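Asks:
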Amino acid sequence: FNQVKADIERKLTEKDEEMEQSKRNQQRVVDTLQSSLESETRSRNEALRLKKKMEGDLNEMEIQLSQANRQASEAQKQLKGLHGHLKLDDALRGNDDLKENIAIVERRNNLLQAELDELRSLVEQTERGRKLAEQELLDVSERVQLLHSQNTSLLNQKKKLEGDNNQLQTEVEEAVQECRNAEEKAKKAITDAAMMAEELKKEQDTSAHLERMKKNMEQTIKDLQHRLDEAEQIAMKGGKKQVQKLEAR
């Protein structure tokens, strides 16, 4: 029984070590995912900040583009007005100046338009990056939740195993105590029978009554031996049942 008890304790200890190792592995994975989650959150916040900045730059460039368009429109109006009020030479000179101004405005307009298109492209890329970061953040959150659920399940299993261990420990101790009690009773019965047999041997020649007592004592010894054998068999059967019960658990 001591060997069975030791084997059970060893197996339970090994199971506890496996549970602790699994718990540590799960915790490392959770820490890694938590770090990834924090990194994704920072990236997402940076993308949002960059998006807002680009949107502000885009609005500013749209305002500048609108102003350039208004300047070009006003220059064209001035050009038309000069055609009607100035002399031909002045009109030609003014026309050349206005054409040059218009060309400058158009070049500036084209540059602003190109920068505006580039900013719009960057905003679109940033938006796609933000959506991707949000999806990755969602995936990481789901994985963290799943690992947390698995960790909780492992802790519950460990508590159940500890409870089963305590129950098995109690049952083993009870079985061992029962065997010890049976052994003590058997030893006492054998000792008592031996003492009675010795006393009977000393008095066996004194009388027929003592002879009958001797025979009775011998029968008693046989009965006690039979009871001892039965007690040992019962103890052995009880021990086997406990072992089978423990193995079944």
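Per the numbering used here, the sequence shown runs over residues -11 to 237.
Beta carbons are placed, not taken as given, at the ideal position from N, Cα and C, and that holds for glycine.
All values reported here derive from a predicted model rather than from experimental measurement.
(1) Alpha carbon to alpha carbon, how far is GLN22 from ASN154? Give it in angstroms, no decimals.
(2) Cβ atoms of LEU212 and ALA170: under 9 Å apart, would you say?
(3) Judging by CA-CA distance, which residue of LYS39, THR20 and ASN13 is the nearest neighbour of GLN113?
(4) Would you call the CB atoms of MET42 and GLN145 closer than 9 Å?
(5) Quick check on DSSP: helix, strand or coil for ARG(-2)?
(6) Could you give the C-beta distance for GLU220 and ALA174, rounded to a whole number, given that I count them as a contact under 8 Å?
(7) How many Å lie between MET183 and LEU216 at the Cα?
(8) Compare the C-alpha of THR179 against each of GLN9, THR208, GLN165 and ASP105 and name the closest.
(9) Would you kindly work out how many angstroms separate the C-alpha atoms of GLU124 and ASP19, rounded to a whole number?
(10) In angstroms, rounded to a whole number, what distance separates the CA positions of GLU2 and GLU26?
(11) Classify MET224 as buried or exposed, calling it buried when 16 or more other Cβ atoms lie within 10 Å of its own Cβ.
(12) Please report the Cβ distance between GLU115 and MET49, rounded to the nearest whole angstrom; I am assuming they are in contact, meaning their Cβ atoms lie under 8 Å.
Replies: Let's see:
(1) Their Cα atoms are separated by approximately 36 Å.
(2) Not closer than 9 Å, so no.
(3) Cα-wise, what sits closest to GLN113 is LYS39.
(4) For MET42 and GLN145, no; Cβs fall outside 9 Å.
(5) In this structure, ARG(-2) counts as helix in the three-state DSSP scheme.
(6) About 7 Å; that satisfies the 8 Å criterion.
(7) One Cα belongs to MET183, the other to LEU216, and the distance between them is close to 16 Å.
(8) Selection GLN9, THR208, GLN165 and ASP105 evaluated against THR179 yields THR208 as nearest (Cα-Cα).
(9) Cα-Cα distance, rounded: 17 Å.
(10) Cα to Cα, GLU2 sits roughly 36 Å from GLU26.
(11) Exposure of MET224 is indicated by the presence of fewer than 16 other C-beta atoms within 10 angstroms of its C-beta.
(12) The pair is not a contact, with the Cβ atoms about 18 Å apart (cut-off 8 Å).
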